[in-house]
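Okay, structure first, notes after.
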Ligand code: SF4
């Protein structure tokens, strides 16, 4: 299989299994943890095992989606980088071997011999330059065309770098492969976001796989983690919050107050600050921190200020609501909790976007970064990930592959 997001893969997922969620439910019966991990274990060596390269059809799809399912527990963490890096290299190697991009998710069309005017070909492909080697000629050949609208979605270079004609961008092999990589990364991110929404329904197999992936990722990104370990614990980045959380922070009218402050803001701020990638579903605050300091000094004041900005101010109107805040943080109904109380009630996870839209539509004013996002926390993790990537352009994993260099988003101190 050349692309797990291509037409053939989509057909298999739909017709053979009935959809992605159904596929994830059956994978544990077919794919052992060790088999799934074979797809990533080799990254430090840099050499893809032949048996992984030769996996095909459903077997390939099942092992790939097993790893995607595990990432539902950690979008934008090191595990995601590891899985993405390994699989991009597997599929890239297969594409180079097959020397075709047909069958991938990118709707490329093979260029017909007569559709580019001869004079343009002479200039672009330097067909009269007899000194060029076969290999150099191959690199210059315009092999595929892609509709301009699709091309512009993926291309971030200058339009001067490509030949555009009649609504199509004409591409060399290398340009086509680069676009396929971007398309793969985009589909990958979209799929992880989609699965994040159903992670509570996934079998325990995926959590085990996620934990094993974490071990391999920590070893692979050891150098980066050591640097992160020395770095200061990061405060919340308010500028990267999603629109719904920013609206809640600004204060809201009476009908929205409890949902915006107690349900959304409390869960969002606490997970974003204390446990962005919870290791398991029933995580407690005391699993993530050693004292209540961060809650009392950083999180609670923000919640109370946002409550005071509501009209009428929430905590003046309903002073008991503060107990409800602690309840939602997992400490039971109290206003004087200790760390040991965490676990007395569930620590509420930020509601998914679909729930926010259903319960408090006024809070959901999506911006362009909300595209494909299913939960406000993943919006934040994604933005943090790209911010870190901007500020740390050098990859620090053992194997520098030129892939993404974002820092992990764990900040559980
Ligand atoms: S789409 Fe989601 S993250 Fe974006 S504003 Fe709406 S609820 Fe918030």
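Numbering (the UniProt record's numbering), first residue to last: 1 to 413.
Glycine residues also receive a C-beta, built at the ideal position from the N, C-alpha and C atoms.
Reduced DSSP category for residue i - H, G, I as helix; E, B as strand; rest coil
i: residue 45; result: coil
i: residue 361; result: helix
i: residue 419; result: What is shown of the chain runs 1 to 413, which leaves residue 419 out entirely.
i: residue 83; result: helix
i: residue 124; result: helix
i: residue 164; result: strand
i: residue 147; result: strand
i: residue 253; result: strand
i: residue 109; result: strand
i: residue 406; result: Low local confidence applies: a pLDDT of 31 at residue 406 is under 50, so the model's placement there is unreliable, and no value is given.
i: residue 176; result: helix
i: residue 401; result: The predicted model places residue 401 with a pLDDT of 37, which falls under 50 and marks its position as unreliable, so this point remains unresolved.
i: residue 142; result: strand
i: residue 311; result: strand
i: residue 353; result: helix
Close beta carbons around residue i, own chain, < 7 Å, minus the five adjacent residues each side
i: residue 91; result: 2, 3 and 184
i: residue 6; result: 103, 104 and 105
i: residue 309; result: 250 and 251
i: residue 55; result: 63
i: residue 362; result: 256
Cβ-based burial, residue i [other Cβ within 10 Å; buried from 16]
i: residue 105; result: buried
i: residue 164; result: exposed
i: residue 87; result: buried
i: residue 22; result: exposed
i: residue 133; result: exposed
i: residue 350; result: buried
i: residue 238; result: exposed
i: residue 330; result: buried
Own chain, CB closer than 6 Å to residue i, minus 5 neighbours either side, in chain order
i: residue 339; result: 286 and 292
Cα-Cα separation between residue i and residue j, rounded to whole angstroms
i: residue 135; j: residue 109; result: 22 Å
i: residue 26; j: residue 358; result: 31 Å
i: residue 314; j: residue 252; result: 9 Å
i: residue 334; j: residue 191; result: 39 Å
i: residue 332; j: residue 290; result: 18 Å
i: residue 415; j: residue 53; result: A question about residue 415 goes unanswered here, because the residues of the chain that appear run from 1 up to 413.
i: residue 44; j: residue 207; result: 23 Å
i: residue 211; j: residue 28; result: 15 Å
i: residue 197; j: residue 46; result: 33 Å
i: residue 17; j: residue 58; result: 11 Å
i: residue 146; j: residue 367; result: 28 Å
i: residue 377; j: residue 294; result: 18 Å
i: residue 73; j: residue 218; result: 16 Å
Contacting residues, own chain, Cβ-Cβ under 8 Å from residue i (five flanking each side not counted)
i: residue 67; result: 36, 39, 40, 83, 87, 209 and 213
i: residue 181; result: 88 and 92
i: residue 265; result: 245, 248, 249, 302, 303 and 306
Closer than 8 Å: residue i CB and nearest the ligand COA heavy atom
i: residue 271; result: As far as ligands go, the structure on display features the ligand SF4 and does not contain the ligand COA.
- Message: Which residues end up in the neighbourhood of the ligand SF4 when you take C-beta atoms closer than 6 Å to any of its heavy atoms?
- Response: 242, 243, 244, 353, 356, 364, 365, 366, 370, 373, 376 and 379
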